[in-house]
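J.: Which chain is which? The protein sequence lines are E and L, in order.
Our numbering puts the first residue of the first sequence at 11, with every later residue one more than the last.
Our numbering puts the first residue of the second sequence at 797, with every later residue one more than the last.
Where a beta carbon is used, it is the ideal one built from N, C-alpha and C, also for glycine.
So that we are looking at the same thing, I have put the structure below in structure tokens.
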Amino acid sequence: MKENIFKSALLAIIVLSISFSATAQVWEVPSDKKEITPAITFSMKTKTQGKDIYAKSCKSCHGDIGKANFLPLNPAPNDPGSERFSNQTDGELFFKLTEGRGGMPAFKSQLADNERWAVISYIRSFHADYKPTGGGGEIVEESSAFTGTNIKLFVNKDQVNLEITIEVQGNVDGKTVSAPGVRVGFFIERNFGLLSVCEPVTTNKNGIAKAKFPGDLPGDSLGNYNIIIKLIDDDLYGNVEYKETLSWGKAFIYENPIEGNHLWGNNTSVPLWLLISYISVVLFVLITIGWVVLQMLKLKKAGIKK
Amino acid sequence: MSELQSKEEARKSFDKMAKDIVRPMQNHFGLNAWVFTLFLILSLFGYAWFLQLRDGLGVTGLHDYTSWGMYIANFVFFVAAALVGMLITAVLGLSGVKWITPISRIAEIIAVSFAMIAGLVIVFDMGRPDRVLNIFFHGRLQSPIVWDITVVTIYTIISMLLLLLPLIPDMNIIKKRLPKASNMQLKMYNILSLGWMGTPEQYKIIHKSIRVLSILIIPVALAIHTVTSWLFASTLRHGWDSTIFGPYFVSGAFVSGVAAVIIAMYVFRTSYKLQDYLTDFHFDKIAKLLVLVSLVYFYFNINEFLVPAYKMKSGDDHHILALFVGEWAVLFWFAQIFGNFVPIVLLLFKKMRKPGPMMIIATLAILGAWAKRFIIVVPTQLNPHLPIQNVPDSFHVYTPTGPEIAITIGTIGMALTIITILAKIFPVIPIWEVAEEKGIDREIINE
């Protein structure tokens, strides 16, 4: 109830402020900045990186790209999939995203250059007519993500370089083909969850993805650890994963901090210094008390003697 | 001739003194009412303890957060006041202070009874008292709780010895002067007198033993209260995480102990009619002692509160503000003002250093001391490092319940019972020591 009142009040304020304001001012970008071209090559990889950044840093205002569900602010953030964005040069988008204005935060200190370009590469994947101005990278469209079924992983280990090459294959129209554009995650099993060995790797045209494993990770007492390789987009492909125990880690002998004689140990593992101190102090006091008791007996004897 | 005469006089004066001190042991005027009161308190205790044994600690106000409440505050109080035995017999006695001679037995009686009850209070704090034995089977030597149990036990034993040893010559004196004593009682006196004849050798032995115990009890007494403070200070909690907690507790202990002795002195002086032995002079002296120990305590209080209050470390600030101006302010200032400040200021005036006013001041000081233990134990637990959440509302506060209060008062009743019994079967003033101080010949004393 309360929430509803609050919401409608907010809406009223927004509507009012929109109707009162003049049309949004034009956002001028200095011409030299307009001409700037991407510092990275747009690729499937930059796109997925950008997708993650967008979800984290932009979506709250700009909404889902293509759905025009951006926040009703004034001036409006607009849908990055719209013509308003696609008509701008890479340099313009980059400048606005970097410097910000009014309700649009400046991201120059929050995101690195590459990350800002990565977001743009993601936004560009929605602009059908976009021609890359930078290094001319290929962009695999969202809709062109591999759609085959019955995905299988083929694993090839390089014991010397601790490298794993994976080939992803799937069924398209009854034929087995290699699967490009599939994101593969490489993990090592730890006590409380999975440790990513690297950022997810997207398979190339031949369905190949590679990852190098670090050699200095602690394994069990023999240096073994379990690796898990699986497809990230399990909503598309189902739960496809590969598990194996490798002895690529460093042997790690676990020392139980409770074992041994410590202050925090149990009653059977008292630190020696404490045991000695305690016993010697208590013994000293008890012996003295015992001596006094002896004196009392002596006192009695001294009386009898007389 | 004149020597004989003076000897005769000394004998007379000693006789009178012994009679005066022994008389109240057989004159039970008003005792019935007092015993009845104690009986009531103990019955109430018995019922409350029965409830607690039957239903568990749920009948108390203790809960997950405040698991140490009134019981532990009471425990600390008893341990504290018990320290006075060491202060009077050992520290002052060994340094040759003479005015403590007639007071020393009262101090020892308080030490013995309070130390015994302190141990018992811990048992009453347990929902399953039978598990007290676990301390012997599973106790961790690393835990200050084990050290505490060790020192409390040892302190009780030494205090008992320090009570019994100076009683030996007195046993010999009183057994001839108690016409109404039963056979059992006389037998006990006989045993306790250990065949005392007053030979030089016996004197030598007894003096040496008392001396050794007096020296021994100083570190043990310091240990008992320092270790008790470590039960708190060895944790990281706000208000307990203090490096001066050991000396702070000891200094506070002296205040409550001396106050307890003053109250006992007053009560025995009036009810036992011992005005000639516990004189205004003695009261004046012990009043000054109370000022001294209160000043030391005051110094520690300033350290304990001013320094953290100056820094106001986050977390500590809640605790300190709650004490200074928050929900604990009334109790806190009551404890500080009556338990520390008032004794210092009032007792500076000569008029106040008289038995009557001192009785009132000491009573306030004792109440303040008790409140102070509560302030030390409880508020810290209600201000933990992690917020108190997802628990019943009642866990945000601690309110002692009826049974809990009854058990606590019961333990005080027990201490008073022990004191009453000891003061009925033993003379509350060491006759032989006082006589010796008056220059009465040993021969007469041991006749």
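Spatial neighbours of L/A869 within its chain, please: C-beta separation below 8 angstroms, excluding the five flanking residues on both sides.
T.: The residues are W1166, R1169, F1170, I1172, V1173, V1174.
J.: Report yes if the C-beta distance between E/L172 and E/G225 is below 8 angstroms; otherwise report no.
T.: Yes, the pair counts as a contact, with Cβ atoms nearer than the cut-off.
J.: Please classify E/Q120: is it buried, with 16 or more other beta-carbons within 10 angstroms of its beta-carbon, or exposed?
T.: With fewer than 16 Cβ atoms within 10 Å of its Cβ, E/Q120 is classed as exposed.
J.: Could you tell me which residues DSSP puts in a beta bridge with L/A1049?
T.: Partner(s): none; L/A1049 has no beta bridge.
J.: Should L/V1103 go down as buried or exposed, given a rule of 16 or more other Cβ atoms within 10 Å for buried?
T.: That one is exposed.
J.: Looking at chain E, is there any beta carbon in it that lies within less than 8 angstroms of the beta carbon of L/E805?
T.: Closer than 8 angstroms: no.
J.: Residues of chain E with a CB under 9 angstroms from the CB of L/I1001: which are they?
T.: Those are Q305, M306, K308, L309, A312, listed as they occur along chain E.
J.: Using three-state DSSP, classify L/F841 as helix, strand or coil.
T.: Here L/F841 sits in helix by DSSP.
J.: At 4 residues or longer, what runs of the alpha helix (DSSP H) sit wholly inside the region 54-107 of chain E?
T.: Here the runs fully enclosed are 54-67, 69-72, 93-96.
J.: Check the C-beta distance from E/L284 over to L/Q938 and give it rounded, since I have them as a contact under 8 angstroms.
T.: 6 angstroms between Cβ atoms; contact.
J.: Quick one: grab the DSSP three-state call for E/L304.
T.: Reduced to three states, the DSSP call for E/L304 is helix.
J.: Considering only their Cβ atoms, is the gap separating E/F223 from E/I174 smaller than 8 angstroms?
T.: Yes, these two residues count as a Cβ contact at 8 angstroms.
J.: Pick from L/M1154, L/R924, L/I1002: whose alpha carbon is nearest that of L/T1075?
T.: Ranking the options by Cα distance to L/T1075, first place goes to L/M1154.
J.: Looking at chain E, which residues of the region 992-1024 of chain L have a Cβ within less than 8 angstroms of any of its Cβ atoms?
T.: So the close ones are W992, M993, T995, E997, Q998, I1001, I1002, K1004, S1005, V1008, L1009, L1012, V1016.
J.: Within 10 angstroms of its Cβ, does L/E1123 collect 16 or more other Cβ (buried), or is it exposed?
T.: Exposed.
J.: Taking the beta carbon of L/N793 as the centre, do at least 16 other beta carbons fall within 10 Å, making it buried, or is it exposed?
T.: Since the displayed chain L opens at 797 and closes at 1243, residue 793 of chain L lies outside it and no answer follows.
J.: Distance check for L/S1052 and L/V1089, CA to CA, integer angstroms please.
T.: Going from the Cα of L/V1089 to the Cα of L/S1052 covers about 10 angstroms.
J.: Using the C-alpha atoms, what's the distance from E/E93 back to E/H72?
T.: In a straight line, the C-alpha of E/H72 is about 14 angstroms away from that of E/E93.
J.: Is the region 1140-1149 of chain L close to the region 1177-1196 of chain L, with three or more CB pairs under 8 angstroms?
T.: No: fewer than three Cβ pairs fall under 8 angstroms.
J.: Taking only three categories from DSSP, how would you classify E/I237?
T.: Three-state DSSP puts E/I237 in a strand.
J.: On the criterion of 16 or more Cβ atoms from any shown chain inside 10 Å, does E/S290 qualify as buried, or is it exposed?
T.: Per the 10 Å Cβ criterion, exposed.
J.: From what residue to what residue does the alpha helix (DSSP H) around L/G1206 run?
T.: Where L/G1206 is concerned, the enclosing alpha helix (DSSP H) stretches over 1198-1221.
J.: If we require 3 or more residues per run, which beta strand (DSSP E) segments fall completely within the region 846-885 of chain L?
T.: Correct list: empty.
J.: On the three-pair Cβ rule with 8 angstroms, is the region 158-172 of chain E touching the region 232-248 of chain E?
T.: The region 158-172 of chain E vs the region 232-248 of chain E: in contact.
J.: Measuring only the C-alpha atoms, how far is L/L1163 from E/E269?
T.: Using only the alpha carbons, I get a separation of about 47 angstroms.
J.: Less than 8 angstroms between the CB atoms is what I'm expecting for L/T952 and L/V880, so what's the real figure, rounded?
T.: Actually they do not touch by this definition, with Cβ atoms about 14 angstroms apart.
J.: Quick check: L/D860 and L/V1187, are their CB atoms within less than 8 angstroms of each other?
T.: Their beta carbons are under 8 angstroms apart, which means L/D860 touches L/V1187 by this criterion.
J.: Quick one, which residues of the region 909-939 of chain L are near chain E if we go by CB-CB under 8 angstroms, in chain order?
T.: Those residues of the region 909-939 of chain L that come within reach of chain E (Cβ to Cβ, closer than 8 angstroms) are H934, G935, R936, L937, Q938.
J.: Excluding sequence positions up to five away, which residues of its chain have a Cβ less than 6 angstroms from the Cβ of E/V39?
T.: So the list reads E102, F105, once near-sequence residues are dropped.
J.: Please report the straight-line C-alpha distance between L/V1057 and E/Y264, rounded to a whole angstrom.
T.: Taking the straight line joining both Cα atoms gives about 59 angstroms.
J.: Do we get a CB-CB distance below 8 angstroms when we pair L/L890 with the residues of chain E?
T.: Not one chain E Cβ lies under 8 angstroms of L/L890.
J.: Just checking: is the beta-carbon of L/T946 within a distance shorter than 8 angstroms of some beta-carbon in chain E?
T.: Yes, because at least one Cβ of chain E sits closer than 8 angstroms to the Cβ of L/T946.
J.: Quick check on this structure: which residue in L/F1096, L/I902, L/G915 has the alpha carbon closest to the alpha carbon of L/A1060?
T.: The option with the nearest alpha carbon to L/A1060 is L/I902.
J.: Leaving aside the five residues before and after L/S1190 along the sequence, list all residues of the same chain whose C-beta is less than 8 angstroms from its C-beta, in chain order.
T.: The answer, listed in chain order, is H859.
J.: Does DSSP put L/L822 in a helix, in a strand, or in coil?
T.: Residue identity check: residue 822 of chain L is Gln in the sequence provided, not Leu. In the structure shown, L/Q822 sits in a helix (DSSP, three-state: H, G or I).
J.: Helix, strand or coil for L/N930? Go by DSSP, reduced to three states.
T.: In the structure shown, L/N930 sits in a helix (DSSP, three-state: H, G or I).
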